[in-house]
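Under mature numbering (1 follows the signal peptide of the UniProt record, and there is no 0), the residues of the sequence shown are numbered -18 to -1, 1 to 478, in order.
What follows is a single structure, written as structure tokens, with notes after it.
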Amino acid sequence: MHPLLLPELLGLISGYLAHKEQQRCSQVCWTWNSYFSPLVWKACTVDYGCHTKHKLIPVSALHTYAPHIRVLSFQGFVSADHFAIPCTRLEHLKIVDGSRVDFKGFSTEQPREIWASLARLVSSNPDLTTVEIAEIDWIPTDVFWKAVADHPGIRKLSLDQVRVEFGHLKIFWQACSGVEVLTLQRCRISNHDDTLDTMPVMFRRLQELNVENLLQPLPHVQIELLRLCPQLSSFYWRGGAVHGLARDNLLSILGSGRLPNLDSMDIMGMNLTDLDTEHIIHCMSRVRKLAVYQTNFGPSSIRSLEPHFKSIEELNLLQCPQVTSANVALLLRSCPLLRVLKAEAISSDEIKDGDVWPCHEHLRTLVLYFDLTLADRLGECHIVFALLSKLKNLRRLNISRYLTPHGRRFLGDNKSVQLRLDHGLGLLESLRHLEALYFDGIIQDMTMAEAQWMEEHWKALRTVRGVFTNSAMLNREITTFFKNTISGHIPLPSSH
């Protein structure tokens, strides 16, 4: 056998090839076709082609390669034949109807037939674990929801901008009750009396619930879903406008002891006081993730958090005005498993030469402004960079300052770290996994040497955001350099 036909060698080659290159390889010979076709067709997108560069895949090709498809996405309603694909190994199904306009003769007049085909697709794929539906204003039949409800393997159900008619509520909630992760975003779930009193099910398997800006039912009714989720461990909620009833319901349900496994909370606003967030922490079995963005989280909550320091992995305390620099330093010194920290600021008084945070091996995301003194900013920059250099697994570093303590937006700040080689930037050579760097609101004084150093030493870097220098000409030069060398540069306007 020729060496280039050996499966082991093909496997090695395929790992270095992009999707288009794998497509070309599948056309070389029969052996290569049989090896590369499953890779090429593993993820398949069927769409109109009018808003994207994708060409509409012929029905015949879908039938030929259906056994290889694991991830299938429908972008818009095409012909009914495209939905009748004989897939049997699907793991992930995504349906998006971004436009209902006919395109090049493909009919959208058969919605019942289409949803019946999708229901059969769900039923005939025992390995299906994830279903995503987005921008669907009308599902004319309940057969699809019934197929999802009857499927024992679906773990994740995600709905974004989906309207559920009142007549389909019972089977819809049954479909939701069988999953472990449920996400509802910007949906309208119709109910005549806007209550959940007639809910037909308990969500006995549900472990993660994400609710964001539902148009219906009302926010305080949405919170009532928690009463039906005895196994829930993670809750994410964004309710749009603040509703006092939503806050009261949340505190009442948490205090009832109905959620013994809850260890992750992500909530924003709701007019929560320090005592409210303290109560929430007391009601959690342990704290693994806690995000209390735009609340009055403060000293009482910090004290209640202390027994959980050893288990905390993620914290988001942004725009919590009572959180002090000393609080932030305490968390960084006391939480060895911390992977994500988002907080407003830490002062130079809390950082000493030779410090090593115990979470240095785990920290992946750090959003934190470093407030230095003007008297010894150069020396303090070196200390901060030496401390950051220990975070060798850091992926995202955000040293921005957006708001003053009084809520006003910063136009420019010259009291924080300067990303300059003569200030100690070279110490950060160890951050080889860094993918994103942000420094909004800080007046930088970078030169082309710093930009070239970043590109040379941070090979994973994909995003840089901030104003590099006050010099408009040099700022444009550095911006152009990053645009040409990294894929995700996000420039901010020059201060001039």
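Virtual Cβ for every residue (Gly too), placed ideally from N, Cα, C.
Please read all numbers here as calculations on a predicted model, not as lab measurements.
Please name the residue or residues paired with T347 in a DSSP beta bridge. Beta-bridge pairing links T347 to V322, R378.
Work out the CA separation of W339 and R315 for me, nearest whole Å. Going from the Cα of R315 to the Cα of W339 covers about 5 Å.
Along the chain, where does the beta strand (DSSP E) that runs through R220 open and close? Run containing R220: 216 to 220, per the beta strand (DSSP E) assignment.
Look at the Cβ atom of S293, then the Cβ atom of R268, and state whether they are nearer than 7 Å. Taking 7 Å as the cut-off, the beta carbon of S293 is found closer than this to the beta carbon of R268.
What is the DSSP secondary structure of L369, reduced to helix, strand or coil? Looking at L369 - three-state DSSP - the assignment turns out to be helix.
With DSSP collapsed to three states, give me the class of D84. Interpretation of D84 is limited by its pLDDT of 40, a score under 50 that renders its predicted location unreliable; the figure taken from the coordinates is listed afterwards. Correct three-state label for D84: coil.
Is it a yes or a no for the stretch 352 to 364 touching the stretch 427 to 434, going by three-plus beta-carbon pairs under 8 Å? Too few Cβ pairs lie closer than 8 Å, so no.
Can you round the beta-carbon distance between H364 and G406 to whole angstroms, since I take them to be within the 8 Å contact cut? 4 Å between Cβ atoms; contact.
So, using beta-carbon positions, are L272 and M247 closer together than 7 Å? Yes, the Cβ-Cβ distance between L272 and M247 is below 7 Å.
So who's on the other strand from C341, going by DSSP bridges? Answer by DSSP bridge pairing: none, since C341 is not bridged.
Cutoff 6 Å; reference L409; Cβ partners in own chain excluding five residues on either side: Contacts found: F367, A368, S371.
Find the nearest neighbour of Q143 within the set V125, F464, S172, judged by alpha-carbon distance. That would be S172, whose Cα lies nearest to the Cα of Q143.
Within the same chain, show all residues whose beta-carbon is closer than 8 Å to that of R94, passing over the 5 residues directly before and after it, in chain order. Residues of the same chain with a CB within less than 8 Å of the CB of R94, apart from the 5 flanking positions on each side, are P122, T123 in chain order.
Indicate whether I67 and I115 have their beta-carbon atoms separated by less than 7 Å. Their beta carbons are not under 7 Å apart, which means I67 does not touch I115 by this criterion.
Counting along the chain, where does the beta strand (DSSP E) carrying L54 start and finish? For L54, the enclosing beta strand (DSSP E) covers residues 53 to 57.
Could you spell out where the alpha helix (DSSP H) holding R94 opens and where it closes? Following the DSSP letters along the chain, one finds R94 inside the alpha helix (DSSP H) bounded by residues 93 to 105.
What's the call for A325, buried or exposed, on a 16-neighbour Cβ count within 10 Å? Result: buried.
Excluding five sequence neighbours on each side, which residues of the same chain lie with their C-beta closer than 6 Å to the C-beta of E162? If we look at E162 and ignore the five residues flanking it on each side, its Cβ neighbours are R137, R187, Q189.
Which whole-angstrom value describes the C-beta separation of V130 and V146, a residue pair presumed to lie in contact below a C-beta threshold of 8 Å? 12 Å between Cβ atoms; not a contact.
Which residues does DSSP list as the beta-bridge partners of Q198? Answer is R170, bridged to Q198.
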